[in-house]
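Visitor: Numbering (the working numbering), first residue to last: 2 to 134.
Note that the Cβ used here is the ideal one computed from N, Cα and C, for glycine as well.
These numbers were taken from a predicted model, which means no experiment stands behind them.
Shown below is the structure under consideration.
Structural data, given as C-alpha coordinates:
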(Lines of atoms letter the chains of each structure in order from A and count residues from 1; the text may use other names and numbers.)
(Lines give C-alpha, C1' and ligand atoms only; values in the text may rest on other atoms or scores of the structure.)
Protein backbone atom coordinates (compact mmCIF):
# COMPACT_ATOMS: atom_id res chain seq x y z
CA UNK A 1 0.00 0.00 0.00
CA UNK A 2 1.43 3.36 -1.02
CA UNK A 3 1.85 5.95 1.68
CA UNK A 4 0.07 9.24 1.05
CA UNK A 5 2.20 12.30 1.64
CA UNK A 6 0.08 15.24 2.68
CA UNK A 7 0.79 18.56 1.06
CA UNK A 8 1.93 21.46 3.20
CA UNK A 9 -0.93 23.89 3.75
CA UNK A 10 -0.51 27.55 2.76
CA UNK A 11 -2.90 30.41 3.45
CA UNK A 12 -2.59 33.14 0.83
CA UNK A 13 -3.80 36.55 1.99
CA UNK A 14 -4.29 38.47 -1.25
CA UNK A 15 -7.08 40.84 -2.27
CA UNK A 16 -6.35 40.97 -6.00
CA UNK A 17 -8.35 38.30 -7.87
CA UNK A 18 -5.80 37.99 -10.69
CA UNK A 19 -2.98 37.46 -8.19
CA UNK A 20 -5.10 34.83 -6.41
CA UNK A 21 -5.57 32.98 -9.70
CA UNK A 22 -1.86 33.20 -10.41
CA UNK A 23 -0.89 31.89 -6.96
CA UNK A 24 -3.40 29.06 -7.31
CA UNK A 25 -1.95 28.09 -10.67
CA UNK A 26 1.64 28.26 -9.41
CA UNK A 27 1.27 26.74 -5.94
CA UNK A 28 -1.58 24.23 -6.04
CA UNK A 29 0.40 21.40 -7.65
CA UNK A 30 2.86 21.37 -4.77
CA UNK A 31 0.88 22.72 -1.82
CA UNK A 32 -2.64 22.74 -0.45
CA UNK A 33 -3.65 26.39 -0.87
CA UNK A 34 -6.47 28.42 0.71
CA UNK A 35 -7.23 32.06 -0.01
CA UNK A 36 -8.67 35.04 1.81
CA UNK A 37 -8.85 38.68 0.84
CA UNK A 38 -9.41 40.64 4.07
CA UNK A 39 -8.92 40.47 7.82
CA UNK A 40 -12.36 38.97 8.56
CA UNK A 41 -11.93 36.05 6.19
CA UNK A 42 -8.33 35.71 7.38
CA UNK A 43 -9.37 35.11 11.00
CA UNK A 44 -12.06 32.68 9.89
CA UNK A 45 -9.61 30.65 7.77
CA UNK A 46 -6.91 30.72 10.44
CA UNK A 47 -9.34 29.34 13.03
CA UNK A 48 -10.59 26.58 10.74
CA UNK A 49 -7.34 24.89 9.65
CA UNK A 50 -3.69 24.35 10.59
CA UNK A 51 -1.45 26.19 8.17
CA UNK A 52 2.24 25.56 7.61
CA UNK A 53 2.88 28.99 6.07
CA UNK A 54 1.10 32.27 5.42
CA UNK A 55 1.77 34.13 2.18
CA UNK A 56 0.74 37.70 3.02
CA UNK A 57 0.20 40.72 0.79
CA UNK A 58 1.20 43.82 2.76
CA UNK A 59 -1.29 46.19 1.15
CA UNK A 60 -4.88 45.01 1.54
CA UNK A 61 -7.68 47.33 0.44
CA UNK A 62 -10.19 46.29 3.10
CA UNK A 63 -9.68 46.05 6.86
CA UNK A 64 -6.26 45.64 8.45
CA UNK A 65 -2.99 45.68 6.55
CA UNK A 66 -0.79 42.65 6.10
CA UNK A 67 1.65 44.19 8.56
CA UNK A 68 -1.06 44.50 11.21
CA UNK A 69 -2.21 40.92 10.64
CA UNK A 70 1.38 39.67 10.86
CA UNK A 71 1.93 41.49 14.16
CA UNK A 72 -1.21 39.85 15.58
CA UNK A 73 -0.12 36.39 14.40
CA UNK A 74 3.35 36.75 15.87
CA UNK A 75 1.92 38.00 19.20
CA UNK A 76 -0.45 35.03 19.40
CA UNK A 77 0.48 31.99 21.49
CA UNK A 78 -1.43 29.75 19.10
CA UNK A 79 -0.22 31.01 15.71
CA UNK A 80 3.17 32.64 16.36
CA UNK A 81 5.07 29.61 15.02
CA UNK A 82 3.56 29.92 11.52
CA UNK A 83 6.10 31.46 9.13
CA UNK A 84 4.91 34.56 7.28
CA UNK A 85 6.23 35.32 3.81
CA UNK A 86 5.22 38.82 2.71
CA UNK A 87 4.87 39.97 -0.86
CA UNK A 88 4.13 43.43 -2.14
CA UNK A 89 4.49 45.37 -5.37
CA UNK A 90 4.23 48.95 -4.18
CA UNK A 91 6.27 49.20 -1.04
CA UNK A 92 8.71 51.71 0.33
CA UNK A 93 11.73 50.77 2.43
CA UNK A 94 9.93 52.16 5.49
CA UNK A 95 6.99 49.77 4.87
CA UNK A 96 9.40 46.87 4.52
CA UNK A 97 11.07 47.76 7.85
CA UNK A 98 7.65 47.96 9.55
CA UNK A 99 6.73 44.54 8.19
CA UNK A 100 10.00 43.02 9.40
CA UNK A 101 9.53 44.64 12.82
CA UNK A 102 6.02 43.12 12.95
CA UNK A 103 7.57 39.67 12.65
CA UNK A 104 7.58 38.86 8.94
CA UNK A 105 9.95 35.94 8.35
CA UNK A 106 10.78 36.92 4.78
CA UNK A 107 9.86 39.76 2.42
CA UNK A 108 9.74 39.54 -1.38
CA UNK A 109 8.89 42.29 -3.84
CA UNK A 110 6.46 41.57 -6.68
CA UNK A 111 6.94 40.55 -9.34
CA UNK A 112 8.83 37.50 -8.13
CA UNK A 113 9.95 34.54 -10.20
CA UNK A 114 8.43 31.13 -9.53
CA UNK A 115 11.89 29.81 -8.69
CA UNK A 116 12.50 32.47 -6.02
CA UNK A 117 8.98 32.04 -4.63
CA UNK A 118 9.30 28.24 -4.30
CA UNK A 119 12.81 28.50 -2.87
CA UNK A 120 11.64 31.03 -0.27
CA UNK A 121 8.61 28.93 0.70
CA UNK A 122 10.71 25.77 1.04
CA UNK A 123 13.34 27.61 3.07
CA UNK A 124 10.73 28.88 5.54
CA UNK A 125 8.96 25.50 5.72
CA UNK A 126 12.21 23.64 6.43
CA UNK A 127 13.25 26.22 9.03
CA UNK A 128 9.84 25.90 10.69
CA UNK A 129 10.03 22.09 10.66
CA UNK A 130 13.47 22.12 12.28
CA UNK A 131 12.17 24.40 15.06
CA UNK A 132 9.28 22.00 15.75
CA UNK A 133 11.55 18.95 16.10
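Does residue 59 come out as helix, strand or coil in the three-state DSSP assignment?
Guide: Here residue 59 sits in coil by DSSP.
Visitor: I need the boundaries of the beta strand (DSSP E) containing residue 36, first residue and last residue.
Guide: Here the beta strand (DSSP E) through residue 36 covers 33-37.
Visitor: Looking at residue 12: is its Cβ nearer than 9 angstroms to the Cβ of residue 52?
Guide: Yes, they are a contact pair.
Visitor: Using the three-state DSSP reduction, which class does residue 127 fall into: helix, strand or coil?
Guide: Residue 127 falls in the helix class under three-state DSSP.
Visitor: If you draw a straight line from the alpha carbon of residue 111 to that of residue 78, how long is it in whole angstroms?
Guide: Straight-line Cα distance between these residues: approximately 30 angstroms.
Visitor: Would you kindly work out how many angstroms separate the C-alpha atoms of residue 26 and residue 126, rounded to a whole number?
Guide: Looking at the two C-alpha atoms, the distance is approximately 20 angstroms.
Visitor: How would you call residue 55, buried or exposed, if buried means at least 16 neighbouring beta carbons within 10 angstroms?
Guide: That one is buried.
Visitor: Near residue 21, what residues of its chain come up, given a Cβ to Cβ distance below 8 angstroms and the 5 sequence neighbours on each side ignored?
Guide: The residues are 13, 15, 36 and 38.
Visitor: Cβ of residue 85 within 9 angstroms of Cβ of residue 113?
Guide: No, the Cβ-Cβ distance between residue 85 and residue 113 is not below 9 angstroms.
Visitor: Going by DSSP, what residue range makes up the beta strand (DSSP E) through residue 10?
Guide: Taken as a continuous stretch (DSSP letters only), the beta strand (DSSP E) holding residue 10 covers 10-14.
Visitor: Using DSSP's beta-bridge definition, name the partner residues of residue 77.
Guide: Paired residue(s): none; residue 77 is not in a bridge.
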